[in-house]
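Its first residue numbered 0, the sequence shown is counted upward by one per residue in numbering that gives the first Met the number 0. Taking it in order: structure first as structure tokens, then the write-up.
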Amino acid sequence: MTRTTVLVDIDGVVNARALTHWPEETWRSRTIYPTSLNDVWRVTWSAAAVNGLREIADMPDVDIGWLSTWTRRARADFAPAIGLGGDWPTSHREDAEAVAVEPDLDWWKADIARDALTSADRVVWIDDHISLWMDMLRDTGPHDRLDWMDPARLLAVRPDARRGMDRRHLIDIRRFILTGERPTA
Ligand SMILES: [Mg+2]
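Following this line, the structure appears as structure tokens:
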């Protein structure tokens with residue numbers, strides 16, 4: 000049995016702008032009044048993308064959860080809006096809301112993804128900032144700082160922040176979970 004942990008970011012992954020990569024009629028939008036925040040957030044998502052995530056969550060031997068600066072609000076506020084993830088665990092650092100949304104070299108999300116590899120056979124990490132963060136490390140850091148990202152066990156899914164996840168991402172994730180095969184392109 001191969002257990003896979005799937006870590007899902009929200010902004011730029013599920014909450015994304017309506018573009019043509021999902022059918023127009025699948026796009027939804029809602030205003031959220033976050034708990035304990037004097038603020039209003041507008042979120043937009045495709046029900047098709049959410050359904051794809053739901054299918055992944057329902058796969059055998061998959062443990063799926065949120066990894067987002069929404070922290071507890073992922074479950075409390077975002078999940079009820081999209082109708083998915085209200086019972087998913089939420090990984091976050093206690094001060095995650097205080098840290099920048101953009102990654103820095105010691106990115107707390109990367110620490111959590113790395114930790115997940117110690118308990119799961121495979122990890123799928125979906126975040127629109129992974130490419131930016133990897134570029135930062137390649138430009139500035141010691142070259143071994145990305146060595147933990149074992150391509151045999153970790154699939155880093157890096158959607159364009161404006162589009163969020165598309166059908167190709169969902170296909171790649173399902174294949175990696177089922178067979179360990181990685182996308183070829
Ligand atoms: Mg994001």
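No residue lacks a Cβ here, since even glycine has one placed at the ideal position from N, Cα and C.
Other residues of its chain near residue i: CB distance less than 8 Å, five sequence neighbours each side excluded
i: V122; result: T3, T4, V5, L6, A112, A115, L116, R152, L153, L154
Own chain residues within Cβ distance below 7 Å of residue i, not counting five before or after
i: A17; result: W26, T43
i: R29; result: V42, A80
i: P182; result: D171
i: P88; result: G64
Backbone secondary structure at residue i - three-state DSSP
i: G51; result: helix
i: L153; result: strand
Spatially closest choice to residue i from the options, by CA coordinates
i: L145; options: T178, A119, D127, W106; result: W106
i: D8; options: A119, D159, L177; result: D159
i: G51; options: R167, L104, L177; result: R167
i: D60; options: D120, V12, H128; result: D120
i: V156; options: D127, M148, L136; result: D127
i: G84; options: I176, L36, R161, A56; result: A56
Beta-carbon proximity list for residue i, same chain, < 6 Å, skipping 5 on both sides
i: R174; result: E180
i: W124; result: L6, A112, A155
Buried versus exposed, by CB contacts within 10 Å (16 or more), residue i
i: W147; result: exposed
i: M0; result: exposed
i: G82; result: exposed
i: G140; result: exposed
Nearest-angstrom beta carbon gap, residue j and residue i [assumed within contact, 8 Å]
i: L104; j: L136; result: 6 Å
Chain C within 7 Å of residue i, Cβ atoms only
i: D146; result: Of the chains in the structure shown, none is chain C; there is only one protein chain.
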